[in-house]
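Asks:
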């Protein structure tokens, strides 16, 4: 078997940054004895293997109750089917109940998770090598990866403690235009950004929609964590505020149901007129890309999620109330344990942010927190995490750690933070020489 | 809601050719009263809704029998997991039994159907805008679509009655090189090409592997129909004959199990050395692309296919013997009905090929058989089919029809061919003016 030259492959394949999704997905498996803060894996203590077949049967019963003939149900589940999916009507009801997003089923495409939804939106919107994607920085690694696989350039916009500053976005779009290029879209997670946990305030949401209209770009709104806000702290989505057709809303069932289903959706209500004068929604128009990426979504995944939606009356906000409490308890446990191990005023060189929700918080440490450091932490101290530098689009975060607390019980969090404190104590500081920048 | 300008979208989205997958998938649904020869939908008369949950439970039992702890099984099915999949070991056993393809599990990636496998292989292998994909013509529409979505140029090579001529492939590769470009890969279906039904003879397979080595390209071997050959007519796959690491083998469970699962696989055993000197298989190396396209494959789809493989001792060739007989009976019924309606010597202007297997045959008709004609046929005569022009990569097939007989019972085939004969009889001939080329 001859060797294959890596240099002959697509540049994204050789790029170590493109390995970040695999690293985040597989770190917990690679270090089974370590307590894992490495991923954003959702809580799975509530999962029951019998649920898989229960919800498939529930969806089949739902179709029977609606009078769908038995042979048609069999064909829907076994055969090739509509490219944009089977369960758009269930998702439409859910969006209305959970997010006050009221769209026709034609505006919805069922996808192979958020990742394929992002890939399809990017493929559709980016037409020329001069089209640039603006993205919040730090950002979920999947957005940079999807763009890279399509050779789409990404420009990161550094966020502050309240997320993206609309003014900074406007300036970034203008800077791109000044280079003779086009900012075709902006990617962000307005509710509990991964990895920073920031929430965009209401006024900034409204201003951002104005900026999108002024600078003429589409907003790709990614909302995996919005369901898990504290009572009374829920913000309207950008999509719910959008009156100008600026938003493509990208969703996932990974956190509201479970990740293994790999099911998500894309909401694109905008009208597109084709060469023959036929008007379709953008979601219908993008089905050409969906067809050529994956033909259609798994009918099994659609059935299990369809059954889950039906069983919970399409009200995932209510169905996930206990789950939201679980995540908030874990966030509080992480913050408390950090406070205990790194007391204020002591010379430990450690600080952290205090998000109001989400799955992550960020720790600043006095040494380079790269993958090698993470592996040492996992192997020698029994605790894994993610280097924040993986999430910054324009560099940075070298001495920062992302702690994903979503799939650790409070007692495991306390033990994990104790282990992390031992690792941090034992790691020599490497604050750069102050003269470095002047050399 | 403002209109979205189609011209601002990726050119592939506006291209009517990119609609072919959706058309093929959805024609049967759009014309429910027509007998459909339009798609390659597999026979579904043997499907039973209870099979879905049966095989999921079978896979769970298999994991329990292997001693996998209950909590681990739950995590495997519900959580994010290994990017390259859960059931590579089951697929490796299947490949060994069914195709005498003996590869380590590290050479296998589980994908969201053939389509994602092709997309990942193309993304990995095509590094520069000067990299060209060679492909058999006519070809399955998904390969052109996957390439188009990645802006990869495709050069079609017209096949003959015995499929691709290795000499023509060598010449095409050299012609590409003479333009200062690189033929990075060749796509073909050696066993019962879709849509032509051709089978590449053994000697041509061996010569094609030599040509791939001489001209330095990779062969993307797509094998959805190989299981359904007549007894004694099975050919070894290119992958089984490959001693030089030239082949990436792309498979699908759409025909051996069912399409709704959207499950396939990529076999790439080639070694790749990365910048740090670590040696991985090409399948492992390409997991970066898989992660950024879809993160991982549906665990539900993997469980149902895993259970199906286990239940059938990983021997799909035996498990599909009855199914193969069904397809051969349908092929024979189609040929017989055509012979009856279009007798030799009569002036009907109709002829067809006589493939030895597969899902399709090709009919030459004396008029332009485009989508408008197909819709008239479906609406007014109750029979749908696919225009062959959809499959030709460099033009052609304007007066040809693809008949997919795989999901029609023999009596439906006889009725469908009778309807088709009425449609053909009623359609005015439009043989072009012989002076056309001299104008």
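Protein chains in written order, with the numbering used here: chain A, 1 to 439; chain B, 1001 to 1439.
A virtual CB, placed ideally from N, CA and C, is assigned to each residue, including glycine.
1) Please go through the region 137-188 of chain A and give each complete alpha helix (DSSP H) segment of 4 or more residues, from N-terminal end onward.
2) Answer with yes or no whether the minimum CB distance from residue 1287 of chain B to chain A is below 8 Å.
3) Are residue 1204 of chain B and residue 1236 of chain B closer than 8 Å when you measure CB to CB?
4) Using a Cβ cut-off of 8 Å, pull out every chain A residue sitting near residue 1014 of chain B, in sequence order please.
5) Can you tell me whether residue 1413 of chain B is buried or exposed? The criterion is at least 16 other CB atoms within 10 Å of its CB, across all chains shown.
6) Within 10 Å of its beta-carbon, does residue 7 of chain A have 16 or more other beta-carbons around it, so buried, or fewer, so exposed?
7) Tell me whether residue 91 of chain A sits in a helix, a strand or coil according to DSSP, three-state version.
8) Which bits of chain B does residue 258 of chain A rub up against, with CB to CB less than 8 Å?
9) What span of residues does the alpha helix (DSSP H) with residue 441 of chain A cover, start to end?
10) Could you check what DSSP says for residue 365 of chain A in three-state terms: helix, strand or coil?
11) What does residue 360 of chain A pair with, by DSSP beta-bridge criteria?
12) Taking just the CA atoms, how far does residue 1343 of chain B sit from residue 71 of chain A?
13) Between residue 1424 of chain B and chain A, is there a C-beta pair that is closer than 8 Å?
14) Helix, strand or coil for residue 250 of chain A, going by three-state DSSP, please let me know.
15) Are three or more beta carbon pairs between the region 1249-1262 of chain B and the region 1213-1232 of chain B nearer than 8 Å?
16) Return the chain-ordered list of same chain residues with a C-beta closer than 7 Å to the C-beta of residue 1256 of chain B, the five sequence neighbours on each side being excluded.
17) Does any residue of chain E bring its CB to less than 8 Å from the CB of residue 1010 of chain B?
18) Identify, in the order they occur along the chain, each residue of the same chain with its Cβ nearer than 6 Å to the Cβ of residue 298 of chain A, setting aside the five sequence neighbours on each side.
19) What are the complete alpha helix (DSSP H) segments, minimum 4 residues, inside the region 1020-1080 of chain B?
20) Per the DSSP calculation, residue 381 of chain A is bridged to which residue(s)?
21) List, from N- to C-terminal side, the alpha helix (DSSP H) runs of 4 residues or more that fit wholly inside the region 231-284 of chain A.
22) What would DSSP say about residue 425 of chain A, mapped onto helix, strand or coil?
23) Distance, Cα to Cα, residue 87 of chain A vs residue 1169 of chain B?
24) Using DSSP with H/G/I as helix, E/B as strand and the rest coil, what is residue 221 of chain A?
25) Check whether the Cβ of residue 1047 of chain B lies closer than 8 Å to any Cβ atom in chain A.
26) Within 8 Å of any Cβ in chain B, is that where the Cβ of residue 26 of chain A sits?
27) Would you tell me roughly how many angstroms separate the C-alpha atoms of residue 1041 of chain B and residue 1162 of chain B, rounded to the nearest one?
28) Along chain A, which residues have their Cβ under 8 Å away from the Cβ of residue 1074 of chain B?
29) Consult DSSP for residue 132 of chain A and reduce its assignment to one of helix, strand or coil.
30) Check the Cβ of residue 83 of chain A against every Cβ in chain B and list those closer than 9 Å, keeping chain order.
31) Distance, Cα to Cα, residue 1421 of chain B vs residue 1111 of chain B?
32) Which residues in the same chain as residue 370 of chain A place their Cβ atom closer than 6 Å to its Cβ, once the five residues preceding and following it in sequence are excluded?
33) Residues of chain B with CB closer than 7 Å to the CB of residue 57 of chain A, please, in chain order.
34) Within 10 angstroms of the Cβ of residue 1046 of chain B, are there 16 or more other Cβ atoms? Answer buried if so, exposed if not.
35) Quick one: residues in its chain with C-beta nearer than 6 Å to the C-beta of residue 1231 of chain B, no 5 flanking neighbours on either side, listed in chain order?
36) Could you give the first and the last residue of the continuous beta strand (DSSP E) run that contains residue 1110 of chain B?
Replies: Let me spell this out:
1) 141-149 and 166-178
2) yes
3) no
4) 274 and 275
5) buried
6) exposed
7) helix
8) 1078 and 1079
9) There is no way to answer for residue 441 of chain A, as the model of chain A reaches only from 1 to 439.
10) coil
11) A/404
12) 36 Å
13) no
14) strand
15) yes
16) 1227, 1316 and 1320
17) Considering every chain present, this structure includes no chain E. Its protein chains are A and B.
18) none
19) 1020-1030, 1049-1065 and 1070-1078
20) Bridge partners of residue 381 of chain A: none, in fact.
21) 238-241
22) helix
23) 44 Å
24) strand
25) yes
26) yes
27) 24 Å
28) 44, 47, 48 and 49
29) strand
30) 1021, 1022, 1025 and 1026
31) 41 Å
32) 387
33) 1053
34) exposed
35) none
36) 1108-1111
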